[in-house]
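Before any comments, here is the structure.
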């Protein structure tokens, strides 16, 4: 039966009628409601991936703008633009157009710098996002697929970076291109064939900028876009992980609904990220290509460093010893092959396979939706810090000439420091991290058993001084707490369990009457359900009540003094 | 009426919803829904999506000082964002019109030097303020609700029924039995895949044809010229100095592998010089010429420290000793820089005696063989 205009519940406003008209045709109300009602957990570290996504949006926007002006050709032209020092210089059309867009396009330099900064932030946020996933164990079943996709996207973003900064064809990017050429040549057996396929002949040829260009603006972005879509679809389908905490289980998600809270926050973050990139792009100069000059194979400037995310490869190349492997039949495996192709390949393969490796070693094949605190998985955390130390050490070695120059250290000494450090430091980092993890675990247990250190020193009748501890829950006859560790943060300070008042808002004068704040505070109940809020764990610890922390748990238990710890 | 006419969509038939139509619409009549408040409807829909709103911390009381203050903050933030955006437009459009020109020249300290920073500042401020305003709005004015949504594991029912449908389709296709079709499909798939990959073969070029990697523009009698094309005579250089030279051919100074360093050794360097075996006569008097292309990764080796006779590559810090036939003495490079045999021609200018006797630049798999 057709719905009539008088049917109850039908909208009377124009907007409502329009919405009904749309839903009559598309039937979207149900899926839309499910989307709006979707719950997202609330934690700052879950926004790191979003930063990468938003940087990518900025990259697409600014990159599309740049294509209007860029000419990916290696044809020789004579520069005749408005940058006087290079006028009359022969250069490739690519470099010429990059200069034109920097000096002769209104706002072009700004957009170019926005694009470069967005790229740096894109890779950086991917890496930080990956570290968050790694250290909290979010890659465990059922999320191995998304981890793999993420690693592939990281590699793609590095390729995007490499192809992108080769495009302007200035002296710096040409030096990078030359090293890329040498890396391709270094591959055993097929190296020269690969090089000739990529460069269409011997270095440098006339095709490489054009080929990198299409890879940079079409091939890699298209793959990335597809992978991002799959990454997000899987995320939505599997629902987000969450940290352990009150009411959070393996079978639910606690947080905000998409609409309006999460959507507003995410949109806000997008604008903040975009704004930050724009500020950097305008105020902080990056890659001033006009200072480097056109590429010339016989020239190079000292301290030529790649963008930060490739520096680890530069570092490994600097540190690797001069070990060509000469095979029978006068074949050679060049030394360059190991620190570039093999190390990078091994690092990303290990990274990609890590979920499977951990699953094999721990035999943990269960599904996990609650995240782990890094301290609770000391082996993984220590492995992660070990890998990170290796990576950061290589990255710093990529700038060892700059360090040597600025700190007046011998360059050769820097190389040797790098070589020794890259072998010695990661195990040390492993050992230290492991101890820190165990120490933090012990401290959590200690607080659960003995309570929070209040800083209140009491003198016992026999003259002994003890520090009073505030138990977090019921205690047994010896004053030992009986709460078990639940994988969630344990409060370590009295302020975290209500020892401090909530701050009264207002900069110069309070904007809320202090009494109301107190009432609200009482109603909040500090994590307790409303009917329990009266018997707060730490009521007696508040300054209003003399600042004497209770010693026997709840006031209802008479505040018996806690047995001094042994 | 025939059976055909019974079907909906044909000339006749009963156009009524099937048995699977309905769902919550059957449980909740329009009348019942109309009687519910908006909040109840919201919660009802949420509960259908497995979401329960546990706790709502209402926003500030309407009309309270707290609310007014928050509104003022958010409003001012958005207004400032708009202001910055308009200022961006004014500067972008106005430069070179009613504002000074934005074109930057190298001596300029004025407006054009501030043009790009101002654009970035204003756009950045504007966008960041929009974001800050939104976050302030969410934090200070929206109710804070805590919701919990159920997470469902895979359904056994779904798996079994979907499996039945899939297997049923496969069974009906009879591919398991009709081996000829399966085999021809596999054959076709392989062929088609290969065929579509074939055009990529256009990318492949034979690197061993004509030995492009092992040869340069240098040849017998080719003069050594500076970047500006001027030839060099013995005596043009101070002892201990280095000059980058190129073959005197068209575009010789931008050839990727021809750049060469002409070095005039000091007398004491000549005394301790140990050329590579068979290359003792490659130099000319106190002059030696080595390839400038690093044997490690192909960067131009550029920094010559004449006190220690070392040439340093700035890319990966390989160091070569010019008194030992440019042997690598530190860093990742493994091979000596190739030496160019030089002499002087009838007019007294430096010329090459022949091309390099080995490949210049980075090492590769079959370098020793050609």
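Protein chains in written order, with the working numbering: chain A, 1 to 566; chain B, 1001 to 1370.
Each residue gets a CB set at the ideal place from its N, CA and C atoms; glycine is no exception.
What you are looking at is a predicted structure, and each value in this text was computed from that prediction instead of being measured.
DSSP lists B:1099 as the bridge partner or partners of residue 1095 of chain B. For chain A, the residues of the segment 1137 to 1159 of chain B that bring a beta carbon within less than 7 Å of one of its beta carbons are 1137, 1138, 1142, 1145, 1146, 1147, 1148, 1149, 1150 and 1151, in chain order. In the DSSP annotation of this structure, the continuous segment of the alpha helix (DSSP H) that includes residue 405 of chain A starts and ends at 400 to 406. By the neighbour-count criterion, in which 16 or more other beta carbons inside 10 Å mark a residue as buried, residue 265 of chain A falls on the buried side.
Around the C-beta of residue 1345 of chain B, fewer than 16 other C-beta atoms lie within 10 Å, and the residue is accordingly described as exposed. Nearest CB-CB separation between residue 193 of chain A and chain B: below the 7 Å threshold.
With contact defined as three or more Cβ pairs closer than 8 Å, the segment 1080 to 1091 of chain B and the segment 1061 to 1069 of chain B are not in contact.
Residue 133 of chain A sits in a helix when the DSSP states are folded into three classes. Here the C-alpha atom of residue 338 of chain A lies approximately 16 Å from the C-alpha atom of residue 1298 of chain B. The beta carbons of residue 467 of chain A and residue 456 of chain A sit about 7 Å from each other, so the pair counts as a contact at 8 Å. Boundaries around residue 450 of chain A are those of the alpha helix (DSSP H), 411 to 450, since no beta strand (DSSP E) includes it.
Restricting attention to B:1140, B:1274 and B:1325, the CA atom closest to the CA of residue 1073 of chain B is found in B:1140.
Just measuring C-alpha positions, the residue of A:304, A:37, A:420 and A:45 sitting nearest residue 173 of chain A is A:304. Secondary structure at residue 360 of chain A: helix, using DSSP grouped into helix, strand and coil. Only buried fits residue 314 of chain A, as 16 or more other CB atoms lie within 10 angstroms of its CB.
Under a criterion of Cβ atoms nearer than 7 Å, the residues of chain A adjacent to residue 1302 of chain B are, in order, 300.
When only Cα atoms are considered, residue 244 of chain A and residue 487 of chain A end up about 6 Å apart. Following the DSSP letters along the chain, one finds residue 1319 of chain B inside the beta strand (DSSP E) bounded by residues 1319 to 1321. When DSSP states are grouped into helix, strand and coil, residue 113 of chain A belongs to the helix group. In this structure, residue 1124 of chain B sits away from residue 107 of chain A, with a CB-CB distance that is not shorter than 7 Å. With contacts defined by Cβ atoms closer than 7 Å, residue 139 of chain A and residue 147 of chain A form a contacting pair.
Taking 7 Å as the cut-off, the beta carbon of residue 1203 of chain B is found closer than this to the beta carbon of residue 197 of chain A. With a threshold of 16 other beta carbon atoms within 10 Å, residue 1106 of chain B falls short and is exposed. Cβ neighbours of residue 333 of chain A within its own chain (closer than 6 Å, five residues either side excluded): 188 and 325.
Identification of residues in the segment 103 to 115 of chain A having a C-beta nearer than 8 Å to some C-beta of chain B yields 103, 104, 106, 107, 109, 110, 113 and 114, given in sequence order. For residue 328 of chain A, the closest Cβ of chain B is not nearer than 7 Å. Taking a Cβ-Cβ threshold of 8 Å, the residues of chain B close to residue 331 of chain A are 1365, 1366, 1368 and 1369, in chain order. In this structure, the alpha-carbon of residue 251 of chain A lies about 5 Å from that of residue 1151 of chain B.
DSSP places residue 173 of chain A within a helical segment (H, G or I) once states are collapsed to three. Within the same chain, and ignoring the five residues on either side of residue 240 of chain A in sequence, the residues whose Cβ sits closer than 7 Å to its Cβ are 40, 41, 46 and 253. Under DSSP, residue 98 of chain A takes part in no beta bridge, so it has no partner. Between residue 472 of chain A and residue 479 of chain A, the gap from beta carbon to beta carbon reaches 7 Å or more. According to the DSSP secondary-structure assignment, residue 252 of chain A is paired through a beta bridge with B:1150.
Residues of chain A whose Cβ lies closer than 7 Å to the Cβ of residue 1292 of chain B are, in chain order, 298.
Within chain A, the residues whose beta carbon sits less than 7 Å from that of residue 1330 of chain B are 412, listed in sequence order. Each of B:1168, B:1169 and B:1356 was checked against the Cα of residue 1259 of chain B, and the nearest Cα belongs to B:1356.
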